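What follows is one structure encoded as structure tokens, with my remarks underneath.
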Amino acid sequence: MKRSENYGKKFEQRCFQLIIEAYQTSLTEKVIQLNWNENDISSEIHKCIKANPLRLKWKVSTNVEAEIPKDIPKVKGFADKFPRIDFRLTSFISTYEYEYFFEAKNLKQNNSVLKRRYIDTGINNFVSGKYKNGSLIGYLLEGKTDETINGINSLLKKDKRDAEVLNLTPSKLLKTIYESNHFEIGTLKHLIFDFVNIQSQ
């Protein structure tokens with residue numbers, strides 16, 4: 694494996710650590726409210742990423758609501774057509790720039806509209822190539838993680854996408870990491886950030 698590929702994998706792991714630690718900090722700070730929009734939550738998570746000293750040590754820059762430029766005709770309004778993603782983390786080493794993206798969606802156990810949106814504008818945006826080199830984050834605002842994932846999987850099965858269901862693959866950093874496999878892109882990771890009990894913790 695080439696040095697750049699090794700660093701790319703290491704960079705991805707650092708991005709995971711930064712965003713998971715930001716989530717854990719947000720639980721301690723108890724600022725996030727269960728009625729917030731996903732962009733509100735993303736803004737708070739982003740603040741926690743920026744405050745993490747590891748971000749500076751690792752020379753990672755981050756921004757929220759990043760545009761992903763693509764090759765489209767440059768006529769009035771062209772920039773409005775760029776896909777936007779919630780988090781973009783970047784780092785330079787030597788002559789290489791590394792980028793990693795996270796797209797976040799609000800989730801509630803008993804809200805099939807949010808679960809459908811997670812598939813349609815989350816999973817599908819990665820599978821179609823609209824978003825590249827990244828993972829999904831589900832902000833759980835109501836209910837239980839496993840039941841919510843079961844609901845997403847039921848919708849995928851209803852769409853005849855049984856092979857693409859989410860499977861639990863916990864890590865030391867976060868117990869609620871899932872993976873789904875897709876013919877077009879391979880493995881897609883899903884981080885579920887449970888905020889349900891944030892006010893009582």
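Positions in the sequence shown are counted from 1; adding 693 to them yields our numbering. Just so it is clear, CB atoms sit at the ideal spot from N, CA and C, and this is done for glycine as well. Just so it is clear, the structure is predicted and the values come from calculations on it, not from any experiment.
N- and C-terminal bounds of the beta strand (DSSP E) containing residue i
i           : result
residue 844 : Where residue 844 is concerned, there is no enclosing beta strand (DSSP E), although the alpha helix (DSSP H) it sits in stretches over 838-851.
residue 859 : That residue, residue 859, is in no beta strand (DSSP E); it is neither H nor E in DSSP.
residue 747 : It is not in any beta strand (DSSP E) - residue 747 instead sits in the alpha helix (DSSP H) that spans 746-750.
Residue range of the alpha helix (DSSP H) that includes residue i
i           : result
residue 854 : Where residue 854 is concerned, there is no enclosing alpha helix (DSSP H), given that its DSSP letter is neither H nor E.
residue 824 : No alpha helix (DSSP H) contains residue 824, which DSSP labels as neither H nor E.
residue 806 : 805-811
Which of helix, strand or coil DSSP assigns to residue i
i           : result
residue 703 : helix
residue 864 : coil
residue 732 : helix
residue 869 : coil
residue 819 : helix
residue 778 : strand
residue 694 : The pLDDT assigned to residue 694 is 47, lower than 50, so where the model puts this residue is not dependable; a value taken from the coordinates is nonetheless given after this. Coil.
residue 891 : coil
residue 720 : helix
Which residues DSSP lists as bridging residue i, in chain order
i           : result
residue 875 : 879
residue 797 : 830
residue 754 : 783
residue 885 : 831
residue 789 : 786
With 16 other Cβ atoms within 10 Å as the buried cut-off, status of residue i
i           : result
residue 880 : exposed
residue 719 : buried
residue 876 : exposed
residue 694 : Model confidence at residue 694 stands at a pLDDT of 47, short of 50, so the residue's coordinates are unreliable; what they give is reported in the following sentence. Classification for residue 694: exposed.
residue 721 : exposed
residue 728 : exposed
Residue i beta carbon near the ligand ZN (any heavy atom closer than 8 Å)
i           : result
residue 826 : No copy of the ligand ZN occurs in the structure displayed, which carries no ligand at all.
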